[in-house]
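I have placed the structure first, in the form of structure tokens, so that the comments after it can refer back to it.
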Amino acid sequence: MLHRFLFPFFALLFCFTSGWLTAQVVDIQTYSVGEDGRVQLSIDSDTDHYYVLRVRHSATGSFGPPVSITPGQEETTIISESLAAYPVEHYQVMAYPKDNPADSDGDGIDDLSELDQWPHLNPLNAAFEISPADGVMTLDSFATFQRLSLVDDHVAWSEYLNGKGYLKYIITDFHTDRPLIYFFDTRVHDLHADFAAAVGVEGLGEQVRKGQIIFHPTTISENGTLGTFAFTYSNGHGDEFTTVQRTHELLAANIPFLRNNLSYFVTERSEDEYERDQDLYESSRVAVLFEADVFAEIDYWGLNAAEGYGFFRQIGPDELPGPRDILLYESLPNDLPRVAGIMTSVLQTPLSHVNLRAKQNNVPNAFIRNPLEIDSIATLLNGPVYFKVAVDRYELRAATLDEVNNWFDDQRPTEPQTPPLNLSYEEILPLDELEFGMFDGFGAKCTNVATMRTFGFPEGTIPDGFGVPFYFYHEFMRFNDFFEEAATILEDADFRNNRAVREERLKAFRRRIKDAEMPDWMLDRLAEMHAAFPAGTSVRCRSSTNNEDLPGFNGAGLYDSKTQHPDEGHISKSIKQVYASLWNLRAYEEREYFRIDHFVAAMGVLCHPNYSDEKVNGVGVSADPLYNTQHTYYLNSQLGEDLITNPSNNSLPEEILLDRSITGENGYILVQRSSLAPADEKVMSDEYLGLMRDYLTVIHEEFAILYSTEDDPNFAMDIEYKVTSDDRLSIKQARPWVAYVTSQAPETGGEIIEGGLTVYPVPASSSITVNSTSPELQQLLITDVNGRFLRQISVSDNESLRQEINISGLPIGTYFVVAITTEGKVLAAKKMIKQ
18 MLHRFLFPFF ALLFCFTSGW LTAQVVDIQT YSVGEDGRVQ LSIDSDTDHY
68 YVLRVRHSAT GSFGPPVSIT PGQEETTIIS ESLAAYPVEH YQVMAYPKDN
118 PADSDGDGID DLSELDQWPH LNPLNAAFEI SPADGVMTLD SFATFQRLSL
168 VDDHVAWSEY LNGKGYLKYI ITDFHTDRPL IYFFDTRVHD LHADFAAAVG
218 VEGLGEQVRK GQIIFHPTTI SENGTLGTFA FTYSNGHGDE FTTVQRTHEL
268 LAANIPFLRN NLSYFVTERS EDEYERDQDL YESSRVAVLF EADVFAEIDY
318 WGLNAAEGYG FFRQIGPDEL PGPRDILLYE SLPNDLPRVA GIMTSVLQTP
368 LSHVNLRAKQ NNVPNAFIRN PLEIDSIATL LNGPVYFKVA VDRYELRAAT
418 LDEVNNWFDD QRPTEPQTPP LNLSYEEILP LDELEFGMFD GFGAKCTNVA
468 TMRTFGFPEG TIPDGFGVPF YFYHEFMRFN DFFEEAATIL EDADFRNNRA
518 VREERLKAFR RRIKDAEMPD WMLDRLAEMH AAFPAGTSVR CRSSTNNEDL
568 PGFNGAGLYD SKTQHPDEGH ISKSIKQVYA SLWNLRAYEE REYFRIDHFV
618 AAMGVLCHPN YSDEKVNGVG VSADPLYNTQ HTYYLNSQLG EDLITNPSNN
668 SLPEEILLDR SITGENGYIL VQRSSLAPAD EKVMSDEYLG LMRDYLTVIH
718 EEFAILYSTE DDPNFAMDIE YKVTSDDRLS IKQARPWVAY VTSQAPETGG
768 EIIEGGLTVY PVPASSSITV NSTSPELQQL LITDVNGRFL RQISVSDNES
818 LRQEINISGL PIGTYFVVAI TTEGKVLAAK KMIKQ
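Each step along the sequence shown adds one to the number in the numbering used here, with nothing skipped, and position 44 is 61.
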């Protein structure tokens, strides 16, 4: 029995029954299943009640204990749970008044009192509060899991734990109506008996179940993403199905950060029990993870889940792909223009240029081991195909030419896009004189680096240098009549219809740009800037255009950067090489696909001292885009100058999930070691990981304010970093993570019907003009990307609408203009970018 406070019987009776007497069953208004496989229940609600969700395992069985408790919101509340969705008839929602709360777990403390002290108390768990030094009754976050877990490479009694992060649990009073669940600090208490003695749990007999919860970061979970948690019993022994099912439910209810990614771990010692009850498992929602599967070689990895049509081709790194090609690569290309899909027979890094381009362009990208040894793949080469990638599976089938053509007609934007261009900045400026809002004159790469210099980092963390404005590029092109020449090239029918011709014409145009003269005033100002660097400095000249590094448009790998070495003469040589890259084939085709005006596209240049002989190269994201863990940062690091963004063949980076707040050796999970590092050595030392935690936190928080996305859970920043030859951690670039802005129109609850709607200019800074020819149009809505209504404009009755809307008060970001008919239906929704 547990040592617990003894309360008077009648007080307990009152607490346990008073809320139940006033509880009411609430009708479920809508039922849906999210992308992660969890249920989403919508109910009518108010703020005077809280709502308790119960589940039953069959459509006619009795409802079990609560699995979630949710405070009521005004009008509507969305309710979910941690595990996979059942059909709607398996759920019951109960409403309880806040002024007369129930005691759902029967521990003598009402639900709201425990919610007020959550996670130290838990209304779903009758366990008594224990010292945080011993453990917790709720795993409220991945950070808490990390804090309590242990990684040991040599667990003699349970080899399946070797090298994995795991913690231990105890469930007492298992077969009663009031089970008690504890998660204990496995670094402090090595044995279950030690923990039980420390906190006062007496007797580990038939009423107790105990085991471990293990995190497998490279295993595909039930929700389709990488990274899964799995529970097992002590020493890997098994149990009957009903016990496993109850353990699964009890653990999940008390690990609220789970997203349908908790499995039962079947070891060699528990296979017999599993096989005996296999039919019961297969008809349940208890996900199963087998020990053999965890340690098998990875043969497939869907890096970007998407679908598409195209022509399936195998090409080498030096061959030229087309925008309708689905490519099979045996080695990763250094450059990748717009393509329809990617399949590689070599492992990629999630933050490679190839995968970033796949994410930005929403095209399928997967690693498949030895794909040409698979008949269903090899027989489809050199023909039209449909290719769909999920994290754990893929579909590849033959397609028709009509399917391919219709797909591309539907995917391409219908309206011209105009990038921001401000030519009023006519001078080269030191980075310390640039501001975030000047991106329309220097490019976001340049101003983002300049902005980070104001974040208070130690000297040398952010490069110092200069920004060359778009004005210089524009005047250089005008001086040489290159705009007129480009117009002639782009209007030529052979150029537009023949990709080989297009490649040769653009290559010749780039040569002319590199060989062209600059006006004297421009040469003088560039020379003055160059002279400001210390003698003998190699200067890195980095592309900074007005159509990359922006929210929703990453532009990774489109443009070139060059290094001006001390013996190469005037720095105009490298500047012109960067200018010429605006007309790279891959960049031209990307702009053409998005209908971006080539003559408004402009090139700025970020100039700073070049890094050489760096000890580490890396890429990080201020979120976990791969395993979807909470409160973590995702880091890829590699020794030396082997780039994460374009890794050499067979080079695997160090992969780390870095906790946002926990420090020291327990503040990270080492998912994968670098293939170039000595055995058992990390690329990023604990010192650098501590600095990275601090820097990424500041970068995320400061840019979230600047981009007005403080409340957007999808926002994250993507950085590139180095450890320099003098052991300094340096951040060389920051931009919004490529996937943070959705490209889908928001749901407004109406039916989408045919109708004309145009919005221009896009992007816009102060106002937009909306045109429509539909007589059914009654009002216009401006929403954010999450569908929240920000502005409503009534429309007068006329046959042709031309409405100008002031957007100067909106923060920088992505929005939708939604047209609503007189019947409340959605006529159309158009994307709009406020710059």
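Using N, Cα and C, we set each Cβ at its ideal position, and we do this for glycine too. Just so you know, these numbers come straight off a predicted model, no measurement behind them.
Where residue i and residue j are concerned, what is the direct C-alpha to C-alpha distance, given to the nearest angstrom?
{"i": "Gly681", "j": "Glu98", "result": "32 Å"}
{"i": "Leu856", "j": "Pro234", "result": "In the structure displayed, the chain extends from 18 to 852; residue 856 sits before or after that span and is not available."}
{"i": "Trp318", "j": "Pro354", "result": "22 Å"}
{"i": "Val485", "j": "Thr562", "result": "11 Å"}
{"i": "Glu585", "j": "Ser555", "result": "10 Å"}
{"i": "Pro792", "j": "Gln434", "result": "26 Å"}
{"i": "Phe496", "j": "Asp541", "result": "16 Å"}
{"i": "Gln594", "j": "Met535", "result": "13 Å"}
{"i": "Tyr488", "j": "Ile592", "result": "13 Å"}
{"i": "Glu266", "j": "Val84", "result": "8 Å"}
{"i": "Pro447", "j": "Ala604", "result": "28 Å"}
{"i": "Glu545", "j": "Met539", "result": "10 Å"}
{"i": "Glu52", "j": "Gly89", "result": "24 Å"}
{"i": "Asp703", "j": "Ile686", "result": "12 Å"}
{"i": "Glu131", "j": "Ile198", "result": "15 Å"}
{"i": "Val363", "j": "Trp754", "result": "24 Å"}
{"i": "Ala247", "j": "Asn514", "result": "54 Å"}
Taking DSSP as the reference, what is the three-state secondary structure of residue i?
{"i": "Thr838", "result": "strand"}
{"i": "Ser561", "result": "strand"}
{"i": "Lys579", "result": "strand"}
{"i": "Met535", "result": "coil"}
{"i": "Gly621", "result": "strand"}
{"i": "Pro388", "result": "helix"}
{"i": "Arg542", "result": "helix"}
{"i": "Gly681", "result": "helix"}
{"i": "Phe162", "result": "helix"}
{"i": "Phe145", "result": "coil"}
{"i": "Tyr650", "result": "strand"}
{"i": "Leu856", "result": "As shown, the chain starts at 18 and ends at 852. That puts residue 856 outside it, with no answer to give."}
{"i": "Ser130", "result": "helix"}
{"i": "Tyr186", "result": "strand"}
{"i": "Leu746", "result": "strand"}
{"i": "Tyr103", "result": "coil"}
{"i": "Ala40", "result": "coil"}
Exposed or buried, which one is residue i when buried takes at least 16 other CB atoms within 10 Å?
{"i": "Thr396", "result": "exposed"}
{"i": "Lys185", "result": "buried"}
{"i": "His171", "result": "exposed"}
{"i": "Asp202", "result": "buried"}
{"i": "Phe500", "result": "exposed"}
{"i": "His206", "result": "buried"}
{"i": "Leu602", "result": "buried"}
{"i": "Arg366", "result": "One point to set straight first is that residue 366 is Thr, not Arg, in the sequence displayed. Thr366 comes out buried."}
{"i": "Ser589", "result": "buried"}
{"i": "Glu698", "result": "exposed"}
{"i": "His616", "result": "For the sequence presented, residue 616 should be read as Phe rather than His. It counts as exposed."}
{"i": "Ile391", "result": "exposed"}
{"i": "Leu418", "result": "exposed"}
{"i": "Arg15", "result": "For the chain, the structure presents residues 18 to 852; residue 15 sits outside this window and is missing."}
{"i": "Ala517", "result": "exposed"}
{"i": "Pro583", "result": "exposed"}
{"i": "Arg414", "result": "exposed"}
{"i": "Ser175", "result": "buried"}
{"i": "Phe581", "result": "According to the sequence as given, residue 581 is Gln; it is not Phe. Buried."}
Would you say the beta carbon of residue i is closer than 7 Å to some non-hydrogen atom of the ligand SAH?
{"i": "Asn423", "result": "Summarising the ligand content, the structure contains no ligands, and the ligand SAH is consequently not present."}
> Would the stretch 267 to 285 and the stretch 297 to 314 be scored as touching if the rule is three or more Cβ pairs under 8 Å?
Replying inline: yes
> Which ranges would you report for the beta strand (DSSP E) in the stretch 410 to 479 if only whole runs of at least 3 residues count?
Replying inline: 411 to 415
>> Report the start-end ranges of each alpha helix (DSSP H) in the stretch 504 to 529 that is 4 residues or longer and not cut off at the edges.
In response: 510 to 514
> For the stretch 472 to 479 against the stretch 504 to 514, are there 3 or more C-beta pairs whose distance is under 8 Å?
Replying inline: no
>> When you compare the stretch 611 to 627 with the stretch 448 to 465, are there three or more beta-carbon pairs, one atom per stretch, that lie closer than 8 Å?
In response: yes
>> Report the start-end ranges of each alpha helix (DSSP H) in the stretch 258 to 345 that is 4 residues or longer and not cut off at the edges.
In response: 258 to 270, 288 to 293, 295 to 299, 308 to 311
>> Using 8 Å as the cut-off, can you tell me whether the stretch 211 to 220 makes contact with the stretch 289 to 301, which would need three or more C-beta pairs spanning the two stretches below that distance?
In response: no
> Residue ranges of each beta strand (DSSP E) run of no fewer than 3 residues wholly in the stretch 687 to 723, ordered along the chain?
Replying inline: none
>> I'd like to know if the stretch 101 to 114 and the stretch 48 to 63 are in contact, where contact means that at least 3 CB-CB pairs between them fall below 8 Å.
In response: yes
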